[in-house]
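Here the structure comes first, spelled out in structure tokens, and everything after it is commentary.
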Amino acid sequence: MGMFEFNGQRYLDGRASDPNELGWMRGSPPVDDKRITFESDEFLNFPQLRWSLSHMCELVPTVSVWRGQGGSAPFDRSDRAADIDALTFSDANGHMLRFDEALYDTYTDGIVVLHRGRIVYERYFGALEPHLPHALHSITKSYAGTIAATLVYEGVLDDSKVLAYYVPELRGSAFEDATLRQVMDMRTGLDYSEVYTDKHAHFWEHARACGWRPRPVGSDGPQTLFDYVCTIRKEGVHGGTWNYKTVNTDALAWVMHRVTGRSFTELLHERLWAPLGCEEDGYIFVDSAGTPMAGAGLSATARDLARFGELMRRNGEWNGKQLVPASVVADVQNSSYEYRTQWVVTHDELGAYMGQGMHGQLLYVAPKVDMVVARLASHPVPASVGNVPITLPQMLALARILAA
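When we follow UniProt numbering, the leftmost residue of the sequence shown carries the number 1, and every step to the right adds one.
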């Protein structure tokens, strides 16, 4: 049986951990040792998560991101699967890999590659199918940041204002004197730990307040997402270096909701899902008050994720309509920062920027070569350090073959 080792931990590899082969959630009902439930708090453990990330709406409270009544806008196709599968590249550790084998090495569940707006490559593995939404985790932040920047452009928000100006309930919290721009770029000083392997990290208390993880018996912690945001205290100063903290995005979404009167779910539907002609509804985790988790809660199909990336590659224009201001896209793409408006800016030779999510989620936009890659995954290592040594060289090699 194949194994993968990282930092002294050994895991089943991408083939051996296939959820269909392991038999998760099969049977009527599934047998006890193959049953995955929210209450057991094992659904995000490996290898269970190889099934869970394609079925989050069956495990946690969610609401739909409606695609609207209009027809979908299917992509044109220009299949290049044969030459892409056979593509070889050297990973960051000097190992030669084939593109198709690297998909197993990164525990890929689904991947869509667009070149000049056409699907040139599409594959699915394990529990995922083309019509099934998959957890995007922190790529959700890139949706939130893009909508927030659009609202700033429209004059609905002022990114020089502190968050308490819009949401007085944040007075006394770390966000009282943090500006909207500092939150959008995660240049805030917060007492908030985000080490995913530490079950006592603030991130997991945040997740419990969002309804994403079960509460321990007798827990008296914050009961809702907004209750939790108000508990965050300041550590250091705002406006310094980038310091990645998911709670920033949920504070940002609270401001957007308060000012527009529209929840993050409604903003996603109105500004992106419906006008993009998405093929399927998305869905997003909600807390006990029905508040969506903008920091990590969204699920979408691979094609619909690629659609968002293609919108960005097209400088915010879709079917003759400017859904995102071109200046917002340019500000991300040309930023000297490594993180801008909730996107990771690579400063690589492709001018690429990325949305990234826990367990290997990736939306890679490479405007210099007209390429977009949407990859959904269930990697055993939550942080991106587990897959980036393969992923980034793989993206560069893919871009070169498409540009040739």
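C-beta atoms are modelled at their ideal positions from N, C-alpha and C, and glycine is treated no differently.
Shown here for L163: same chain residues with a beta carbon closer than 7 Å to its own, the five before and five after excluded, namely L170, F175, A178, L180, V183, A251 and V255 in chain order. Straight-line measurement puts the Cα of E154 at about 44 Å from the Cα of Q48. DSSP, reduced to helix, strand and coil, places W212 outside both helices and strands of the structure shown, so it counts as coil. With fewer than 16 other Cβ atoms inside 10 Å of its own Cβ, Q69 counts as exposed. Note on the region 48 to 103: whole alpha helix (DSSP H) runs with a minimum of 4 residues are 49 to 52 and 81 to 85, in chain order.
Apart from the 5 residues on each side of it in sequence, H257 sits with its Cβ closer than 7 Å to the Cβ of S263 and F264 in its chain, given in chain order. Using a Cβ distance threshold of 8 Å, W343 and M358 do not count as a contacting pair. The region 330 to 345 makes contact with the region 138 to 145; the number of CB pairs closer than 8 Å reaches 3 or more.
Runs of the alpha helix (DSSP H) lying entirely within the region 318 to 382 and spanning at least 4 residues, in chain order: 326 to 333. For T140 against V328, the beta-carbon gap comes to about 18 Å, at or over 8 Å, which does not count as contact.
Annotation: the region 232 to 284 contains the following complete segments of the alpha helix (DSSP H) (minimum length 4 residues), in chain order: 247 to 260 and 264 to 268.
Per DSSP, G309 is one residue of the alpha helix (DSSP H) stretching across A302 to R313. The DSSP assignment places no complete run of the beta strand (DSSP E) inside the region 156 to 180 (cut-off: 3 residues). The distance from the Cβ of V112 to that of A352 is about 16 Å, inconsistent with a contact at the 8 Å cut-off. Spatial neighbours of V372 in its own chain (CB-CB distance under 6 Å, excluding positions within 5 residues in sequence) are listed in chain order as L114, A306, G309, E310, R313 and V365.
As computed with DSSP, T108 is found in a beta bridge with A377. For Q394, the enclosing alpha helix (DSSP H) covers residues V388 to A403.
For P61, the closest alpha carbon among the candidates P389, I284, W24 and G295 is that of I284. Between C278 and R67 the beta-carbon gap is near 5 Å, inside 8 Å, which marks them as a contact. Inter-residue distance for P292 and W212 is about 11 Å (C-alpha atoms, whole angstroms).
Per DSSP, F226 is not a residue of any beta strand (DSSP E); the alpha helix (DSSP H) it occupies stretches across L225 to V229.
Partner residues in the beta bridge of F6, as assigned by DSSP, are Q9.
Taking C-beta atoms as the reference points, G189 and K234 count as a pair closer than 8 Å.
The Cβ atoms of V120 and D79 sit closer than 8 Å to each other.
Here F99 is buried: its Cβ has 16 or more other Cβ atoms, across all protein chains shown, within 10 Å. Less than 8 Å divides the Cβ of A397 from the Cβ of L87.
Where E154 is concerned, there is no enclosing beta strand (DSSP E), because DSSP gives it neither an H nor an E. For the pair R187 and D287, the Cα-to-Cα distance works out to about 26 Å. Rounded to whole angstroms, the gap between the alpha carbons of L363 and Q356 is 6 Å. With 16 or more other Cβ atoms from the protein chains shown falling within 10 Å of its own Cβ, E205 counts as buried. In terms of Cα proximity to G386, the closest of V167, Y107, A81 and S64 is Y107.
In the structure shown, S299 falls within a strand segment according to DSSP collapsed to helix, strand and coil.
The beta carbon of R123 lies closer than 6 Å to those of I111 in the same chain, with the five residues before and after it left out. Residues of the same chain with a CB within less than 6 Å of the CB of H202, apart from the 5 flanking positions on each side, are Y192 and S193 in chain order. Excluding the 5 residues flanking it on each side, L59 has same chain C-beta neighbours closer than 8 Å at I36, T37, F38, F43 and S52, in chain order.
When the alpha-carbon of V259 is set against those of V167, F46 and P393, the nearest one is in V167.
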